[in-house]
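Student:
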Amino acid sequence: METQAALAIPDEDNCMVVYSSSQCPETAQNVIAKCLGLPCHNVRVITRRVGGGFGGKAVRSLPVATACALAAFKLHRPVRMYLDRKTDMIVTGGRHPMKICYSVGFKPDGKITALHIGLFINAGMTKDISLIIPHNFIEALKKYNWGAFSYEAKVCRTNLATKSAMRGPGEVQGSYVAEAIIEHVASTLSADANLVRRKNLHTVESLALFHSECTEDAMGYTLHSICDQVTASENYQHRLEIIQSFNKNNKWKKRGLSFVPIVHKVLSRPTPGKVSILNDGSVAVEVGGIELGQGLWTKVKQMTAFGLGQLCPNRSQELLERIRVIQADTLSNVQGGWTTGSTTSESSCEAVRLACNVLVNRLKPVKEQSQEKQDNVSWDELISKGITC
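In structure tokens:
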């Protein structure tokens, strides 16, 4: 995976152009502007694409980009920096280690009635994104009904490298702890852990009682039905029989079969999008989302072709070849936001769809007028007439 990298180039009028491998060019722009003592419109951050992120290019890209910008600002010449693998691994920090202390109450049938968690988070030398970790941790626990639930979270400053976002920060730890508690309860009762899991899954009713904000769409809560579908499947039952037979015939070797339910709170953040049709009919698209290798540009191109394809039915493939998604630029497409949380591709596509709808509504009258004179109007003819109108 690409290490942290940046290139800073001084520009005229006391401006700075920074090419940064960042999941959030907007934040990089703000930090660099503050460091250099410049207004934000004098700092331009460009991100074409990022060679993998998983959260590591969200905040930890800022020191490299800012250092390059500061050196370029002082020396009045371009400055480029990229980290070697060892330095990158040290600086980026990784996932937050935690110490968990819990007290759980449960009935003889495995039904959990109460849970208290003491959460100690190793943030490293700076807080970075550590303040959101407790929230994400608790969100991951919401797959089970813990009854009377309380927690105490402490973010601990230590003499280690700063910990940062790493693919589901807090959620991975929360889900792991939830399963450890379930396994502990099942082990204490000598019960099947999967039965204990099923007994303690949240229902829509219990969610409404403890987490009312999660029950806006009751029909969309499918955790129970998915678990039932898995355990009732022929493949699951067949594998269970094989495992039981193996365990019966082997004294020192044992096998097991388990399933782990997962919930994820989807957050939708505003993402800008701009679609421009040029004189020759080619299309340039800008979005706030960053291409990290997740296919964001591919989705955006397809959505653009779909949106503009309303003007030329059955020609979306031709349009697709005339669309180009261009790099993220903080002065061209402002307030781009963060490419995190697994929803930026979708919000970028929605922004593009809305922009395409505006263009379609503008061009429809032109197409209708042209069709009165000739049956078929090509895309190039439509754009040419739209420009002259």
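If you use the numbering used here, the sequence shown corresponds to residues 22 to 410, in order. All C-beta atoms, glycine included, are put in the ideal place defined by N, C-alpha and C. Only a predicted model underlies this, so the values are computations on that prediction, with no experimental measurement involved.
Comparing C-alpha positions only, which one of 177, 382, 403 sits nearest to residue 391?
Tutor: Here the question's residue 391 lines up with position 370 in the sequence shown. Ranking the options by Cα distance to residue 391, first place goes to 403.
Student: At 4 residues or longer, and completely inside the region 227-282: list those alpha helix (DSSP H) runs for me, N to C.
Tutor: 244-253, 255-270
Student: Out of 99, 114, 100, which one is the CA nearest neighbour of residue 106?
Tutor: As a working mapping, residue 106 is identified with position 85 in the sequence shown. Comparing Cα-Cα distances from residue 106 to each of 99, 114, 100, the minimum goes to 114.
Student: Since residue 378 contacts residue 307 with CB under 8 Å, what's their CB separation in whole angstroms?
Tutor: Within the sequence shown, the letter at position 357 stands for residue 378. Within the sequence shown, the letter at position 286 stands for residue 307. 17 Å between Cβ atoms; not a contact.
Student: Could you give the first and the last residue of the continuous beta strand (DSSP E) run that contains residue 138?
Tutor: If you number the sequence shown from 1, residue 138 lands on position 117. Where residue 138 is concerned, the enclosing beta strand (DSSP E) stretches over 133-145.
Student: Would the beta-carbon of residue 497 fall within 9 Å of that of residue 287?
Tutor: Because the chain spans 22 through 410 in this model, residue 497 falls outside it and cannot be assessed.
Student: Since residue 28 sits in a beta bridge, which residues does DSSP pair it with?
Tutor: As a position in the sequence shown, residue 28 is number 7, starting the count at 1. Bridge partners of residue 28: 40, 101.
Student: How would you call residue 256, buried or exposed, if buried means at least 16 neighbouring beta carbons within 10 angstroms?
Tutor: Numbered from 1 along the sequence shown, position 235 holds the residue referred to as residue 256. Looking at its Cβ environment, which holds fewer than 16 other Cβ atoms inside 10 Å, residue 256 is exposed.
Student: Output the distance between the C-alpha atoms of residue 126 and residue 228, rounded to the nearest integer angstrom.
Tutor: As a working mapping, residue 126 is identified with position 105 in the sequence shown. As a working mapping, residue 228 is identified with position 207 in the sequence shown. When rounded, the distance between both Cα atoms is 19 Å.
Student: Using 9 Å as the threshold, is the C-beta distance between residue 332 and residue 388 below it?
Tutor: Mapped onto the sequence shown, residue 332 falls at position 311. Mapped onto the sequence shown, residue 388 falls at position 367. Yes, the Cβ-Cβ distance between residue 332 and residue 388 is below 9 Å.
Student: Classify residue 148 as buried or exposed, calling it buried when 16 or more other Cβ atoms lie within 10 Å of its own Cβ.
Tutor: For this step, residue 148 is matched to residue 127 along the sequence shown. The residue in question, residue 148, is exposed, as its Cβ has fewer than 16 Cβ neighbours within 10 Å.
Student: Buried or exposed: residue 181, going by 16 or more other Cβ atoms within 10 Å of its Cβ?
Tutor: Numbered from 1 along the sequence shown, position 160 holds the residue referred to as residue 181. When all chains shown are included, residue 181 counts as exposed.
Student: Any beta carbon of chain D sitting closer than 9 Å to that of residue 344?
Tutor: The question asks about chain D, but that chain is absent: this structure has only one protein chain.
Student: Helix, strand or coil: how does DSSP classify residue 75 here?
Tutor: Locating residue 75 in the sequence shown gives position 54, where the first residue counts as 1. Residue 75 falls in the coil class under three-state DSSP.
Student: Under a Cβ-count criterion, where at least 16 other Cβ atoms within 10 Å of its own Cβ denotes burial, should residue 292 be classed as buried or exposed?
Tutor: Taking the first residue of the sequence shown as 1, we reach residue 292 at position 271. Under this definition residue 292 is a buried residue.
Student: Apart from the five residues just before and just after residue 75, which ones in its own chain have a Cβ nearer than 7 Å to its Cβ?
Tutor: Numbered from its first residue, the sequence shown carries residue 75 at position 54. Listed in chain order, the non-local C-beta contacts of residue 75 below 7 Å within the same chain comprise 187, 188, local neighbours out to five positions each way being set aside.
Student: For residue 183 and residue 153, I'd like the C-alpha separation in whole angstroms.
Tutor: Locating residue 183 in the sequence shown gives position 162, where the first residue counts as 1. Locating residue 153 in the sequence shown gives position 132, where the first residue counts as 1. A direct Cα-Cα distance of roughly 14 Å separates residue 183 from residue 153.
Student: If you run the structure through DSSP and keep just helix, strand and coil, what is residue 407?
Tutor: Along the sequence shown, read from residue 1 onward, the residue named residue 407 stands at position 386. Helix.
Student: Could you give the DSSP three-state label for residue 116: helix, strand or coil?
Tutor: For the purposes of this step, residue 116 is taken as the residue at position 95 of the sequence shown. Here DSSP, grouped into helix, strand and coil, assigns residue 116 to coil.
Student: Is the region 71-86 in contact with the region 308-316, if contact means three or more CB pairs nearer than 8 Å?
Tutor: yes
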